[in-house]
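First comes the structure, then the notes that go with it.
Residue numbers (our numbering): 1106 to 1174.
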């Protein structure tokens, strides 16, 4: 695995490879959007690519309500 996370770059990149599969995990530091790109070689001598993206959401705890009689 290779990680690239430099403070001056607006993204973080992780590269993982095993067997016939290479995965690229790219995270945009400004928007918290993540991209996962999977590239693999099939037995039919074809290269397939899959791209998935999502945003990391920050969950906030609900405020406690003060109940008065």
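Cβ coordinates follow ideal geometry from the N, Cα and C atoms, glycine included.
DSSP lists no beta-bridge partner residue for residue 1136.
Per the coordinates, the alpha-carbon of residue 1135 lies some 18 angstroms from the alpha-carbon of residue 1157. Among the bridge pairs identified by DSSP, residue 1158 is matched with 1140. Residue range 1116–1123 is occupied by the beta strand (DSSP E) that includes residue 1117. Spatial neighbours of residue 1126 in its own chain (CB-CB distance under 6 angstroms, excluding positions within 5 residues in sequence) are listed in chain order as 1145.
The DSSP-derived three-state label of residue 1150 is coil.
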